Structure formats: C-alpha cells, structure tokens
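A.B. asks: Protein chains in written order, with the numbering used here: chain A, 1 to 199; chain B, 1 to 316. Questions regarding the structure given below will be posed in turn.
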C-alpha cells in the first residue's frame with residue numbers, strides 16, 4: 001500500500017529537503033505550483049524559504065484563495081519557518097502587505113531570534129515526538145508571539161513557542177527537514193493519515 | 001574537512017544566558033548551508049541604495065546584495081572596487097525585511113570581519129571587486145557569518161567549499177548582461193559532477209588530484225551527485241528567459257547584478273525574473289512575463305572583452 005500523497009508548495013524554498021523527509025516518513029511527495037496540483041493531495045507542506053517571496057508568488061499564481069479554502073475544509077498542513085509564518089493569523093515585523101494563508105490562531109514574530117549570525121542549532125523536547133530530543137535548526141527563525149486557546153504548544157525556546165499544533169495544522173519555527181531525523185515529518189504523516197482528508 | 005567552529009561565538013544574541021533549553025550553537029556548517037537552502041528557487045538582486053532594495057523586496061527577491069556600484073558601472077568607471085560604505089549597508093539592512101548580503105574582496109578577511117560586525121546575513125567573497133590577495137582566499141571557517149563564492153568549474157567550487165564557503169555561484173561574466181559564461185560555468189560544473197558519479201572509488205583519488213580539491217569532498221560529490229552546498233548562478237543574467245535557462249541547466253537559484261537596475265523598467269523586470277525563476281519549466285508563464293519589459297540592459301559581448309577585463313579569471 002502506498003503512503004499518502006503529500007504536496008510541497010514549490011514556489012520557493014527548501015522543497016528537495018522536505019521531499020526527502022516525507023519519503024523517509026512513508027509518504028509520496030508531490031510538488032505543488034498550481035491549483036490543479038493542490039486538488040490532488042492529502043496533505044501539504046509549506047517549506048522553509050522567504051515568507052514575503054512565497055506570499056507574493058501565492059498571489060501572482062492565484063493559489064492564495066484556493067489554499068485558504070483547502071485549509072478551511074480541513075487539509076492537513078505542516079509549515080516550517082516561512083511555512084509557520086504563512087499559517088499564522090498575523091505577523092509582527094513582517095511587511096504590511098505580506099499575504100498569509102492563516103489557519104493557526106496565532107501571531108508570529110518574523111526573524112524573532114535575530115539575523116543570520118544569530119541562527120543556531122539546539123536540542124528540544126517536542127510533544128508528540130517520542131525518543132531523544134529533536135535536534136532543531138533555527139535559521140532567521142520566527143517564534144510564536146501570541147497563541148489562542150485552541151493552539152497546543154509542542155516545544156519552546158526560552159519561553160517562546162517554536163512548535164505548535166491546532167487540529168491537523170502543524171508548524172515549527174525550526175527546520176526538521178535539514179537534520180536527517182524525520183520524526184516530526186512522521187508525526188505529520190500520522191496527522192494526514194488519521195485526518196482522512198480527501199479519502 | 002572539519003565541521004565549522006562550534007558554540008561560544010561571542011557577541012551573538014543567540015547566546016543569551018540562563019536558557020532552559022540546551023546549549024545553542026551558532027555559526028555551524030549546518031546553519032550556514034541551511035541558510036542558502038532557504039534561498040533556493042529565488043532571485044538575489046544587486047542594489048546600491050535603500051530605494052532599490054525596497055523595489056527588489058516588493059518584486060519578491062529572496063535577498064539583496066548591497067554594493068556601491070553594480071558590476072556594469074565598475075566596468076565603465078574603472079578604479080579599485082572595494083567593500084561598500086558601512087552607512088550604505090546599514091541603511092539597506094534597515095530598509096528591508098529580507099536577508100542582506102554584501103561583497104568583500106577576495107582574500108580581504110578584514111572587510112569580511114567588518115561585514116559580519118555590521119550584521120549582514122551572507123558575505124560574497126567576490127571577483128567583481130578588485131582582489132586583495134592574489135594567492136589566498138579568506139578562511140571562511142573562522143567566521144559566524146556564511147560565505148558565498150564564485151566558481152567556473154568543479155575544482156574551484158570544491159576549493160572554496162574546503163575553505164568554508166556555504167554556497168557556490170557560477171561566476172559568469174558580471175556586468176556584461178551576456179549569459180554565455182554563466183552557461184559555460186554551470187554546464188562545466190554539472191558535467192564534472194556527472195563524471196565523478198561514474199567513477200569507481202579507486203579513481204576518485206586521481207580525480208581529486210586533477211581537480212586540486214580534497215579527496216573527502218570529491219568522494220562526497222560523487223556520492224551525492226551534486227555539490228554538498230547550494231549552487232546558484234550569476235554573471236550576465238538580464239532577462240526572464242536567461243533566468244529560466246540557468247534554472248533548467250540545474251541552478252538552484254539566480255543572482256541578478258546589473259540586469260535589473262540597468263534596464264528600462266527595473267520594478268517590472270525584477271518581478272518578471274522572479275516569476276520566471278519559479279516557473280522556469282513553463283513556457284506559457286515565460287511568454288507572459290517576458291512581454292512589455294522595456295529596454296534590457298545594453299550589455300557587452302564577452303568575446304570582445306580583453307583578458308584583463310574578465311572578472312571570472314580572478315581567484316584560483
């Protein structure tokens with residue numbers, strides 16, 4: 001039996017790394033650049049990249065509204081870094097016109113940990129990921145500034161939430177796709193399987 | 001090849017004391033290379049002031065390269081080309097939310113120290129500036145800030161990676177608006193990687209000798225079938241079709257130098273090049289974005305440049 005078809009939004013960012021992680025986690029990764037491609041996936045990954053760039057391209061290639069509709073209809077989505085920003089209700093220190101998909105009841109702060117010279121790696125305990133701590137890579141990463149009651153915090157760095165879940169939406173400020181440890185992707189594949197979306 | 005320096009990078013905000021979480025490590029190879037992974041599929045644009053930087057960000061650039069003169073002007077005006085004025089770089093950092101890169105001269109590690117202290121997100125040790133050292137590039141492992149370096153072939157790319165470069169770009173021939181050298185460099189690098197992938201292990205040692213690169217890196221490239229870092233293209237990209245051409249030839253992303261702000265309608269051309277880089281395999285999109293862009297930069301034919309005017313020959 002083949003795994004779920006999980007799309008990766010392929011407008012810009014580290015698509016290849018997510019494809020490898022999803023394959024390892026038992027899913028079939030598919031690049032998504034068009035609405036027709038979006039229609040055929042059981043779940044979606046929003047990769048790391050520049051959130052302003054991806055947001056603008058979502059608008060130009062007319063994916064923003066279809067994506068919002070899919071999220072509202074229950075499509076499971078996992079966003080890392082820029083993907084976390086895109087899933088937020090609002091962003092601090094972003095651009096005023098920066099398009100967001102939304103879905104997670106939270107406000108994120110962009111580049112919250114600082115510039116690239118402040119980017120770092122650290123071990124984190126993540127709720128729902130069994131075994132040893134997750135080695136997390138933060139690159140000009142955001143954090144969650146404010147979260148609604150429905151948002152479950154899965155991990156924190158210095159009090160700030162850096163991994164969250166609300167229903168079948170999952171987001172991390174760090175990049176689990178970069179380390180070769182794909183337990184967070186396995187967690188998402190489980191979310192997709194149990195959601196029954198599109199089946 | 002060692003992993004980058006670890007922890008204790010003094011002076012970074014990540015080292016806040018009293019964290020409940022484990023020790024944070026800044027400036028590692030993974031953090032440096034990972035930063036470049038996040039730029040993939042994107043366009044990095046040369047800008048000389050805050051206004052241009054805003055135009056680039058509005059157009060969807062993934063980063064800007066702050067420099068005092070675009071390569072076309074360096075060619076036209078001559079003189080020694082150096083790191084930009086810190087005031088100008090700070091102004092650009094303040095103007096945009098996307099990453100800001102800046103250029104240091106080949107071998108000029110103090111310019112790189114200044115750029116790191118300014119908070120730039122990536123340093124380009126660039127042949128477009130006048131080289132400061134004819135023999136030695138910067139030891140890039142000793143920095144927290146990551147570096148991108150130019151290359152014309154695989155051996156050159158691997159020597160830069162051995163020195164700590166976390167991202168490679170084809171050199172092309174900057175400031176010409178002529179894409180042929182970028183094509184040659186990208187094809188050369190890809191062909192040499194392809195050849196390595198076919199070699200039995202015992203032949204990798206002689207291959208490393210020919211490439212003048214560490215055998216560990218040569219073996220890693222043979223195993224991966226690509227560089228261990230992101231490979232962008234640069235040097236002569238002037239149109240959306242140029243950008244899509246380089247993406248189809250295997251580039252992970254595109255640097256555009258003079259091509260945007262030396263053209264008739266920079267904002268529109270910048271948007272078009274961004275969209276062409278994303279949809280590089282879709283001719284219908286390429287037709288649409290290529291229409292009505294106004295004048296492209298006039299450019300210079302590379303074949304008419306005397307050897308002394310070729311930036312790609314700088315470095316080793």
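Even glycine gets a Cβ: it sits at the ideal position worked out from N, Cα and C. Remember, it's a predicted structure, so these values are computed and weren't measured experimentally.
Looking at the secondary structure, which residues open and close the beta strand (DSSP E) in which residue 14/A lies?
C.D. replies: For the purposes of this step, residue 14/A is taken as residue 14 along the first chain, with counting starting at 1. Unbroken run through residue 14/A: none, as it is neither H nor E.
A.B. asks: Whose C-beta lies closer than 6 angstroms to the C-beta of residue 160/A among residues of the same chain, with five residues either side of it excluded?
C.D. replies: Residue mapping note: residue 160/A aligns to position 160 of the first chain, counting from 1. Answer for residue 160/A: 143, listed in chain order.
A.B. asks: In chain B, which residues lie less than 7 angstroms from residue 119/A when you measure between Cβ atoms?
C.D. replies: For this step, residue 119/A is matched to residue 119 along the first chain. The contacting residues are 26, 31, 35.
A.B. asks: Flag this pair as yes or no: are the beta carbons of residue 233/B and residue 254/B separated by less than 7 angstroms?
C.D. replies: Looking up residue 233/B in the second chain gives position 233. Looking up residue 254/B in the second chain gives position 254. Yes, these two residues count as a Cβ contact at 7 angstroms.
A.B. asks: Is residue 83/A helix, strand or coil when you go by DSSP?
C.D. replies: Start at 1 with the first residue of the first chain, and residue 83/A comes out as number 83. Residue 83/A falls in the helix class under three-state DSSP.
A.B. asks: Where DSSP assigns a beta bridge to residue 170/B, which residues make up the other side?
C.D. replies: Here residue 170/B is taken as the residue at index 170 of the second chain, counted from 1. 151/B.
A.B. asks: By how many angstroms is the C-alpha of residue 60/A removed from the C-alpha of residue 195/A?
C.D. replies: Translated into the one-based positions of the first chain, residue 195/A becomes position 195. Translated into the one-based positions of the first chain, residue 60/A becomes position 60. Spanning the two alpha carbons is a distance of roughly 30 angstroms.
A.B. asks: Let's test the definition: count the other Cβ atoms within 10 Å of the Cβ of residue 111/A and tell me whether it reaches 16, buried, or not, exposed.
C.D. replies: Looking up residue 111/A in the first chain gives position 111. Looking at its Cβ environment, which holds 16 or more other Cβ atoms inside 10 Å, residue 111/A is buried.
A.B. asks: Nearer than 6 angstroms: is that true of the beta carbon of residue 69/A relative to any heavy atom of the ligand GTP?
C.D. replies: As for the ligand GTP, it is missing from this structure, which has no ligand bound.
A.B. asks: Can you name, in chain order, every residue of its own chain whose Cβ lies under 8 angstroms from the Cβ of residue 196/B, other than the five neighbours on each side?
C.D. replies: Translated into positions along the second chain, residue 196/B becomes position 196. Closer than 8 angstroms at the Cβ level, and outside the excluded window around residue 196/B, lie 154, 204, 207, 218, 221, 222.
A.B. asks: Classify residue 46/A as buried or exposed, calling it buried when 16 or more other Cβ atoms lie within 10 Å of its own Cβ.
C.D. replies: As a first step, residue 46/A must be located in the first chain, where it is residue number 46. Residue 46/A is buried by the Cβ-count criterion.
A.B. asks: Restricting to Cα atoms, I'd like to know which of 48/A, 18/A, 8/A, 17/A is closest to residue 33/A.
C.D. replies: Translated into the one-based positions of the first chain, residue 33/A becomes position 33. Considering only alpha carbons, the answer is 8/A.
A.B. asks: Which residues does DSSP pair with residue 122/B in a beta bridge?
C.D. replies: Here residue 122/B is taken as the residue at index 122 of the second chain, counted from 1. Answer by DSSP bridge pairing, in chain order: 101/B.
A.B. asks: Of the residues 72/B, 183/B, 191/B, 51/B, which one's Cα is nearest the Cα of residue 64/B?
C.D. replies: Indexing the second chain from 1 puts residue 64/B at position 64. Among 72/B, 183/B, 191/B, 51/B, the Cα nearest to that of residue 64/B belongs to 51/B.
A.B. asks: So which residues on chain A does residue 116/B lean against when the C-beta distance must stay under 8 angstroms?
C.D. replies: Position 116 of the second chain, counting from 1, holds the residue named residue 116/B. Here the neighbours are 117.
A.B. asks: Would you check if the segment 83 to 98 of chain A and the segment 113 to 127 of chain A touch, i.e. whether three or more CB-CB distances between them fall below 8 angstroms?
C.D. replies: Output reads no: the segment 83 to 98 of chain A does not touch the segment 113 to 127 of chain A.
A.B. asks: Taking the straight line between their C-alpha atoms, what separation do you get for residue 19/A and residue 97/B?
C.D. replies: Locating residue 19/A in the first chain gives position 19, counting from the first residue. Locating residue 97/B in the second chain gives position 97, counting from the first residue. Those two C-alpha atoms are separated by around 28 angstroms.
A.B. asks: Starting from residue 55/A, trace the alpha helix (DSSP H) in both directions and tell me its first and last residue.
C.D. replies: The residue you call residue 55/A lines up with position 55 of the first chain. 51 to 60 is the extent of the alpha helix (DSSP H) around residue 55/A.
A.B. asks: Rounding to the nearest angstrom, what Cα-Cα distance links residue 251/B and residue 280/B in this structure?
C.D. replies: The count along the second chain starts at 1 and reaches residue 251/B at position 251. The count along the second chain starts at 1 and reaches residue 280/B at position 280. Rounded to the nearest angstrom, the two C-alpha atoms are 11 angstroms apart.
A.B. asks: Should the segment 95 to 103 of chain A be regarded as contacting the segment 136 to 152 of chain A, the criterion being three or more beta carbon pairs within less than 8 angstroms?
C.D. replies: Verdict: no, contact absent.
A.B. asks: Taking a Cβ distance cut-off of 8 angstroms, strictly less, list which residues of the segment 5 to 35 of chain A are near chain B, in chain order.
C.D. replies: Listed in sequence order: 10, 11, 12, 13, 14, 15, 16, 17, 33.
A.B. asks: Within 7 angstroms (strictly less), CB to CB, does residue 89/B reach chain A?
C.D. replies: Counting from 1 along the second chain, the entry for residue 89/B is found at position 89. It does not; no Cβ of chain A falls within 7 angstroms.
A.B. asks: For a contact defined as C-beta to C-beta under 7 angstroms, what are the partners of residue 181/A on chain B?
C.D. replies: Position 181 of the first chain holds residue 181/A. By Cβ distance, chain B contributes nothing, its closest Cβ being about 12 angstroms from residue 181/A, past 7 angstroms.
A.B. asks: For residue 90/A, name the three-state secondary structure that DSSP assigns.
C.D. replies: Here the question's residue 90/A lines up with position 90 in the first chain. Residue 90/A: strand per DSSP, three-state reduction.
A.B. asks: Counting pairs of Cβ atoms below 8 angstroms between the segment 143 to 151 of chain B and the segment 162 to 172 of chain B, do you hit three or more?
C.D. replies: Because the criterion of three Cβ pairs below 8 angstroms is met, the segment 143 to 151 of chain B and the segment 162 to 172 of chain B touch.
A.B. asks: State the start and end residues of the unbroken beta strand (DSSP E) segment that holds residue 165/A.
C.D. replies: Your numbering for residue 165/A matches position 165 in the first chain. Residues 160 to 166.
A.B. asks: State yes or no: is the C-beta of residue 164/B within less than 7 angstroms of the C-beta of residue 140/B?
C.D. replies: In the second chain, counting from the first residue as 1, residue 164/B sits at position 164. In the second chain, counting from the first residue as 1, residue 140/B sits at position 140. In contact: residue 164/B and residue 140/B (Cβ atoms closer than 7 angstroms).
A.B. asks: Per DSSP, what kind of secondary structure is residue 189/B in: helix, strand or coil?
C.D. replies: As a working mapping, residue 189/B is identified with position 189 in the second chain. Note: residue 189/B maps to helix in three-state DSSP.
A.B. asks: What is the rounded straight-line gap between the Cα of residue 94/A and the Cα of residue 54/A?
C.D. replies: One-based indexing of the first chain puts residue 94/A at position 94. One-based indexing of the first chain puts residue 54/A at position 54. Each residue's Cα considered, the two are about 13 angstroms apart.
A.B. asks: Report all residues from its chain with a CB closer than 8 angstroms to the CB of residue 229/B; omit the five preceding and five following residues, and keep chain order.
C.D. replies: Locating residue 229/B in the second chain gives position 229, counting from the first residue. Counting only Cβ-Cβ distances below 8 angstroms, and skipping sequence neighbours, we find 33, 36, 161, 165, 166, 167, 168.
A.B. asks: At the 7 angstroms Cβ level, is residue 121/B part of the contact set with chain A, yes or no?
C.D. replies: What you label residue 121/B is simply residue 121 of the second chain in a count that begins at 1. Yes, because at least one Cβ of chain A sits closer than 7 angstroms to the Cβ of residue 121/B.
A.B. asks: Compare the C-alpha of residue 308/B against each of 127/B, 59/B, 103/B and name the closest.
C.D. replies: On the second chain, position 308 is the one that residue 308/B refers to. Nearest of 127/B, 59/B, 103/B to residue 308/B, Cα basis: 127/B.
A.B. asks: Could you tell me which residues DSSP puts in a beta bridge with residue 156/A?
C.D. replies: As a first step, residue 156/A must be located in the first chain, where it is residue number 156. DSSP, once it has assigned bridges, lists 161/A as partnering residue 156/A.
A.B. asks: Going by C-alpha distance, which of 189/A, 168/A, 184/A, 172/A is nearest residue 73/A?
C.D. replies: For the purposes of this step, residue 73/A is identified with residue 73 of the first chain, where counting begins at 1. Here the closest residue by C-alpha is 168/A.
A.B. asks: Does any residue of chain B have a CB that is nearer than 7 angstroms to the CB of residue 71/A?
C.D. replies: As a first step, residue 71/A is located in the first chain; it is residue number 71 there, counting from the start. For residue 71/A, the answer is no, since every Cβ of chain B falls outside 7 angstroms of its Cβ.
A.B. asks: Quick one: which chain A residues come within Cβ less than 7 angstroms of residue 140/B?
C.D. replies: For this step, residue 140/B is matched to residue 140 along the second chain. Going along chain A, no residue has its Cβ under 7 angstroms from residue 140/B, so there is no contact; the nearest lies around 14 angstroms.
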